[in-house]
Structures are given as C-alpha cells and as structure tokens.
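Residues 2 to 713 (this note's numbering) make up the sequence shown, in order.
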Amino acid sequence: MKSIIISVILIIVLSAKLLNAAQEDHNLKIVTVNVWSGLDYDGIISVGEYEKPQRRKERFEILLKQLKAEDPDVIFIQEANPVGGFSAGLADSLSFDEIHQLCLGGIKIAGLGIPSNLNEGIAILAKPELNLKDKKVFKLAGSFGIYGDVVTLHTDESIFALVGKITVNNSPIYLINVHLTAEPRFNNELMDKIDSLKNNGLLSEENYNETLAKIKKVNGSRLKQTVKLIDELNSLEKDVPFIIGGDFNALPGSPEILLLKEKLDLIDSNLYEEGNNYTWNPLINDNISYSTQYHKTNRVNTNGYKYIESLYDEKPRRIDYIFMSRHFGEKNALDGKVILDEPQNGLFASDHFGWSATIDLSDVIKNSPKEYREFMPVTKNEIEALPILSYDTDAGFGYGAKLFLLNQLGMSESFDIVGFNSTNGERWYRLVFSIPDFELRQGKIYPLSFDLMIDYDKWITNNYFGIGNSSVFSAREYYTKEPLEISLTLSKGFTTKTVAQAGVRYKSIKNSNFEKGSILSNLTPVLNRGTAKYISAFANIRYDSRDSYINPANGIVAQGEIEFAPKSKIVNVAFARYAATFQYYSVLFYPTTIFAARLNVTGLYGDNLPVQALLSIGGTNSLRGYPQDRFLDKANMVFNSELRFPIYGRLGAVLGIDAGKVWSSIADIDFKKWAFNPDLGLRFYMDTFVVRFDVGLGPETTGIYFNFGQLF
2 MKSIIISVIL IIVLSAKLLN AAQEDHNLKI VTVNVWSGLD YDGIISVGEY EKPQRRKERF
62 EILLKQLKAE DPDVIFIQEA NPVGGFSAGL ADSLSFDEIH QLCLGGIKIA GLGIPSNLNE
122 GIAILAKPEL NLKDKKVFKL AGSFGIYGDV VTLHTDESIF ALVGKITVNN SPIYLINVHL
182 TAEPRFNNEL MDKIDSLKNN GLLSEENYNE TLAKIKKVNG SRLKQTVKLI DELNSLEKDV
242 PFIIGGDFNA LPGSPEILLL KEKLDLIDSN LYEEGNNYTW NPLINDNISY STQYHKTNRV
302 NTNGYKYIES LYDEKPRRID YIFMSRHFGE KNALDGKVIL DEPQNGLFAS DHFGWSATID
362 LSDVIKNSPK EYREFMPVTK NEIEALPILS YDTDAGFGYG AKLFLLNQLG MSESFDIVGF
422 NSTNGERWYR LVFSIPDFEL RQGKIYPLSF DLMIDYDKWI TNNYFGIGNS SVFSAREYYT
482 KEPLEISLTL SKGFTTKTVA QAGVRYKSIK NSNFEKGSIL SNLTPVLNRG TAKYISAFAN
542 IRYDSRDSYI NPANGIVAQG EIEFAPKSKI VNVAFARYAA TFQYYSVLFY PTTIFAARLN
602 VTGLYGDNLP VQALLSIGGT NSLRGYPQDR FLDKANMVFN SELRFPIYGR LGAVLGIDAG
662 KVWSSIADID FKKWAFNPDL GLRFYMDTFV VRFDVGLGPE TTGIYFNFGQ LF
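Set out below in structure tokens:
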C-alpha cells in the first residue's frame, strides 16, 4: 500500500512537471538592452572614446554573464559597436542566431575609412530553435546613404528599425528592434536654463543662437520617426503578431509612446508602477557620468546644446520598452522587469539597464496564421497580366503579353503563359503548368510536384558565327532556327533545402532558310541543315536555401544534373549531358542591395553532334554583351554576378558582369581569354514574376534584352 501511494505521488509530481514544461514552451522571454558604445561621437578621423578597450571588454563579459543568468529566448541590442563583430561575438557566446543592421558608420569600404572606430548598429539575437530570419529594415530618419558591413557611405545620424521573424509552433511572429533619437524633451525649464547661461556669460551670443537653431532642428524629430515607424509597421501582414522593443528614448507619457499605443493598439509589458522601472538611472549607474559631466565643469561652456543634453541626462527615467501587438492580450504579459541593474566589481554592463519581458504565446499560436515546413495548400488566388512592348538586340522590336494564373483551380497550381512576336522574326509561345506552384513550394517539404513545359521559340533570323572560341564576329550568317521543347518533370522536397527532380524531355530543332554560300548548311553532319530530334531522361539533385524562387535575397543553390538521350528509331540525336550549378545570394547593405553570383559548368558526350545539340553562350541568359549563340561547342562555363538594388517602389536596377568560354571537351577547361562584358539593367517587380531589361556592353556589340525573371 505504501509503495502504491508513493507511486501515485510520483506520477502526480511528474505530470505537473510535464504540464509546466508544456506551458513554458508557449512562453517567450525577451530582453532589450542598449549596450552603450562608449563613444562621444565627436571627430572625423575617429570619434572620442570614454573608456579604454580593457574596460569595454570587462563590460562585455559582465553583459554576457548576466544574460546567461537571465536565459532569454530573444535579445534586442542597440548601440553595438562594431555591430557586426559585437552581435556575432555575443551570439556565438550564447549559441544564438543573429541578424543586425549598421546605423552609423561614416565612409568605409571593407572596414577601412572614417571615422575609423564607428560602426554602430542594432541587432536581434534568438535561440536557434526559433528559426530567426531577416525580414526587412525600416529607415526612419537620415539622408540617402549606404549602410552595410562591407560598404557604408553616409554623413549624418540615421535611425533604423530592424525586423526579423521567428516561428513558434508553426506560428510566425515578427520581432522589431528600434533605437530612436536621443533628443532632450524640451520644456520651459530647459529653455530658461539656456537663457540663464547666456545672461550669466556662460554662453556667447553666437553660441546661444547656434543652440536655439539646433533645438529647432532636432525638436520633434523623434515624433517624426515614430510616425514613420507606425506607417512601416502598418505595411506588415495584418494577421501576423509582432513584438517591438528597444531604446525609444521617450518617457512613458511622451507623445511618441502615447501615439504608438493609440495607432497600433500596443500593449506594454510593464507590470510595475512608475519609479520601479527606470532603465536610465544616473542615481545608481556610474556609467552615465560620462553623459552628465559636460555641464558640471567650471569652464565657460561653448556648446549650449551639449550642456542641455548633459543636464537632461541627470534625470532617471524609463526609455526602454517591449510592446506586444494587438494580437496579444494584457494577460499575455506574464512578467516585465528591469534587469542588468547589478554591478560586478563596481562596474555595470552598460549605461542603460535592460528590460525583460516574459510573454505567453498561447493565444497567438492558437489564432494566428501558420507557416509549416511542409507544403500546405493555399486559398488565395491571383491573376497577373502584362502587355509586352519591347526592343531586343536579337529579336528587334516586339509585342505580346504574359499571363500568370495562380490557384484558379484550387489546387495550388500555376499557369505561366507567354505569347510574343518581333520584327526580327521571333515567334515565342510558352506554357508552364506547375502543381504546386514553384514559389509556393520553395523552401518547403513536399511529397511530389509536377511541371509541364511547352516552349516553341522560332527565330527567323538566328545567328551562326562558327564553332569554338576562335569564331569571329565578321563571319556571322543568318538562318531560321525553329525549336520545340516539351518536358515533364517530377520533383520531391525531401527537406526544406533538398530537392530531387526527374523527368523526360522531347526536343526538336529545325534549321532552314540558309544564306547563299552558308558555311553552316555545308557543315557535317547533314542534320545541321535539317531537323534534329531527341528524347531524353534527366535527373538532378539540388541544395537550395534561397528565401524566394522568384526574387531571392539570401541563400545558396548547389545543383548537379545528368541527362541522357539514347539512340532510337524515332529520333536522330544521342548524347549524354552533365551540368553543375552554384548560385549565391546575400544582402550587402541598406538600401536593400543584393549581391548575386552564378557559376555554371556543362559538358556533352556524343559523336558527330549537329549544331542544334551543341551548348551555346551569348544572349539574354548568359553573356548579355554578345549576340545569341555567339559561341558553340560541347562544353562551356559561364560566370555571372550582379548587384541588385532598389530605385523606387517596385522599380529596381542591376549592375553586373558576365564571363564565359566554350571548349570541345570538359577536360580542356582553362581560364585564359574568357569572353567578358559588363551589364546594367532595370527590374520591375510584380507579385508573381520579375520583368527584366538588360544592356550588355560587349566588345563586338551592345546587347539590349527584354525578358522575364531574374537572370538567375
């Protein structure tokens, strides 16, 4: 009997612990802290530093130790300097993921420039299981500039909000980290103080006027940033909850905080009365003495604005917050408190104290939309149509239309249809049917997908220059090329990043209408002046971490593919093809500028192959500074790189380079005398596809191309 009672008690205790653990899984603990750069922001070659490197290192170790003790799930940090190194070092020490945004950097390339010691910014850190992703960046103030780890180019203070996304129980939650301007809250008391400085001879007439001008310039700037922040937050998906935190540099009853709460229905995580929640407290924190020392000197002050800032910083206040969006309720704020407010050996981790909030996610997990690793059918449907009126170096002036239909049958499918005619004789008609759609299945696990592609692309005046790299531009001749391709592809997403495909392809290419004395028409084999046909089977495996199929900003693609076209009585071409592709995408800096690069290597095995089966480079999809089919042979390698950056709204631009070469065998590959051209172009971003216009500046001609989709 005694043993039974003990067993029952153990079961009850264990069940309670398991229940608590399950409940804790739905809680999210967030910490925000301004980690203090320790800079005075005065200087050109470098800015002044309040403390020695050893003291900064000691503060970092204190911060790290106290954060480990708090054991948060998410951390917002502001004033990290250098932001890349600081946030990466902190994340590595905590085994967290991180994203960051440089805000103050000056003029630098690869870290070299001025001010040499200023690379300040904001960051979000999260435990790996939360799958932190970089969503976007909101610029709230500052003139035009470039803001990145590799390149930074700006000369004034710039204010940003960094947006990341985590996933909890398949529910997406946006995280927004903010650091607003630290302007004093001007009132009659401070203005009287300025007048007193002037009347007592501590402020010259000139400096008095300069101080008033500075006050006029900055007064209300934080409120303007708040209005901009509200507009940007309203652009996020309405049904996705968000948590916003950081250093707002505003008091609880200030116009900024009241406006945020009113317009966005934000819920404060603060559970304490005023006076118990100061995150800026000069009465306790000795680090703040660097900010308040200016007005305490006995000399005549030459900077009235700095005097006012110094005086204002003597007042304790709460300026760091964590807010929840309207998707939460007040009951979801389980705990909110000041942290990092205990010194270690007389030293605080920062001049700010941190703020910690524990938030119950149960309600938002239950009610918010889901994002599954597995592909799930969609309910939305979409139609996008685009009339085409264009000019292309190879095609001439053209007209047509593109139509994209998404989920019209309720099967998550897409129809991509193009019809195009041109003055140089291109007749292009293309249908791609996919179930599920490419973009919908990107980054998902899915059991099976089906893609049907039918492509007819007749060129009445196609180019032939010869075979190999030694072919010359002046040997150009024209003929009619009429390809028809039909392919069926099955693919499976084994993981969110690993995809395998297999399919069959039928292709016929008819050559005709040769010029008088054409070299091509007399070239062996005889198929060169007839119709080449083959049926092939192909398979590939791909590692694909891109964040989008249509317009990727981050990720890599590594793919290997084989294709085999056997001999048969119903076809007349046989070969084996192998290819390897590597693509890389990364956001370099703000405004969102993407570096994209691609390397393709392809080879053919086959005897006596006609030109229709040879590999070509040149034209809209490879070397844009060279005409289509400029170089032909049995092996090739092509390298492309682009900088993709925004202009306005949906309009963007690219700067790029293309390089490539062909060989008679993959064994002959070398890196000498590659064909090369720079590129520039425009992009127009539709919801379901990209419109592409490129100009390739080649040594023989200038290529002008209009097409759909990014080059890669």
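We put the beta carbon where it would ideally sit given N, CA and C, even for glycine.
Nearest-angstrom beta carbon gap, residue j and residue i [assumed within contact, 8 angstroms]
{"i": "R547", "j": "Q443", "result": "7 angstroms"}
{"i": "F243", "j": "S326", "result": "5 angstroms"}
{"i": "V572", "j": "A614", "result": "No, V572 and A614 are not in contact; Cβ-Cβ is about 11 angstroms, not under 8 angstroms."}
{"i": "V365", "j": "S172", "result": "6 angstroms"}
{"i": "F632", "j": "S519", "result": "Not a contact, Cβ separation roughly 19 angstroms."}
Cα-Cα separation between residue i and residue j, rounded to whole angstroms
{"i": "V663", "j": "E486", "result": "24 angstroms"}
{"i": "P719", "j": "F515", "result": "Lying before the first or after the last residue shown, residue 719 is absent from the chain, which here runs from 2 to 713."}
{"i": "K316", "j": "R684", "result": "51 angstroms"}
{"i": "G697", "j": "G704", "result": "5 angstroms"}
{"i": "A23", "j": "S363", "result": "Because A23 carries a pLDDT of 40, less than 50, the predicted location of this residue cannot be relied on, and the following value inherits that uncertainty. Whole-angstrom Cα-Cα distance: 11 angstroms."}
{"i": "P370", "j": "V500", "result": "26 angstroms"}
{"i": "N62", "j": "K69", "result": "Looking at the sequence provided, one finds Glu at residue 62 rather than Asn. One C-alpha to the other measures close to 11 angstroms."}
{"i": "G114", "j": "H155", "result": "12 angstroms"}
{"i": "N333", "j": "I285", "result": "31 angstroms"}
{"i": "W460", "j": "F398", "result": "13 angstroms"}
{"i": "G657", "j": "L163", "result": "28 angstroms"}
{"i": "Q294", "j": "V219", "result": "22 angstroms"}
{"i": "P388", "j": "N609", "result": "43 angstroms"}
{"i": "Y430", "j": "G401", "result": "10 angstroms"}
{"i": "K511", "j": "E427", "result": "14 angstroms"}
{"i": "D336", "j": "D248", "result": "19 angstroms"}
{"i": "E184", "j": "L224", "result": "10 angstroms"}
{"i": "A597", "j": "L644", "result": "6 angstroms"}
{"i": "G607", "j": "A580", "result": "15 angstroms"}
{"i": "H180", "j": "A251", "result": "10 angstroms"}
{"i": "G650", "j": "G467", "result": "44 angstroms"}
{"i": "A476", "j": "Y686", "result": "39 angstroms"}
{"i": "K534", "j": "I667", "result": "24 angstroms"}
{"i": "M638", "j": "I289", "result": "60 angstroms"}
{"i": "N641", "j": "N622", "result": "10 angstroms"}
{"i": "F324", "j": "Y457", "result": "56 angstroms"}
{"i": "L719", "j": "G626", "result": "Outside the shown range of the chain, which is 2 to 713, sits residue 719, and nothing can be said about it."}
{"i": "S488", "j": "G504", "result": "7 angstroms"}
{"i": "L126", "j": "N178", "result": "10 angstroms"}
Local conformation of residue i per DSSP, three classes
{"i": "S1", "result": "The shown model of the chain, from 2 to 713, leaves out residue 1, and the question about it has no answer."}
{"i": "Q294", "result": "coil"}
{"i": "A581", "result": "strand"}
{"i": "I510", "result": "strand"}
{"i": "Q613", "result": "helix"}
{"i": "S94", "result": "helix"}
{"i": "E211", "result": "helix"}
{"i": "E331", "result": "helix"}
{"i": "G699", "result": "coil"}
{"i": "G704", "result": "strand"}
{"i": "P317", "result": "coil"}
{"i": "R651", "result": "coil"}
{"i": "L524", "result": "coil"}
{"i": "L252", "result": "coil"}
{"i": "Y457", "result": "strand"}
{"i": "R442", "result": "helix"}
{"i": "Y627", "result": "coil"}
Whether residue i touches residue j by CB criterion (8 angstroms)
{"i": "R374", "j": "K445", "result": "yes"}
{"i": "N555", "j": "D135", "result": "yes"}
{"i": "Q102", "j": "G122", "result": "yes"}
{"i": "V34", "j": "I100", "result": "no"}
{"i": "D659", "j": "L624", "result": "yes"}
{"i": "L616", "j": "T603", "result": "yes"}
{"i": "G106", "j": "T153", "result": "yes"}
{"i": "L406", "j": "I384", "result": "yes"}
{"i": "D393", "j": "F707", "result": "yes"}
{"i": "L230", "j": "F139", "result": "yes"}
{"i": "P584", "j": "V558", "result": "According to the sequence displayed, residue 584 carries Gln and not Pro. For Q584 and V558, yes; Cβs fall inside 8 angstroms."}
Below-8 angstroms beta-carbon distance, residue i vs any chain E residue
{"i": "I366", "result": "Note that chain E does not occur in the displayed structure, where there is just one protein chain."}
Contact between the segment 208 to 215 and the segment 140 to 150 (3+ Cβ pairs under 8 angstroms): With a cut-off of 8 angstroms, the segment 140 to 150 and the segment 208 to 215 do not count as touching, because too few Cβ pairs lie within range.
Sufficient close CB pairs (3 or more, under 8 angstroms) joining the segment 27 to 45 to the segment 73 to 80: A contact is defined here as three or more CB-CB pairs under 8 angstroms, and the segment 27 to 45 meets this definition with respect to the segment 73 to 80.
Inter-stretch contact at 8 angstroms, needing at least 3 Cβ pairs: the segment 123 to 140 / the segment 160 to 168: Taking one beta carbon from each stretch, the segment 123 to 140 and the segment 160 to 168 have 3 or more pairs nearer than 8 angstroms; the two touch.
Meets three-Cβ-pair contact criterion under 8 angstroms: the segment 250 to 264 and the segment 191 to 199: No, because fewer than three Cβ pairs between the segment 250 to 264 and the segment 191 to 199 fall closer than 8 angstroms, the two stretches do not touch.
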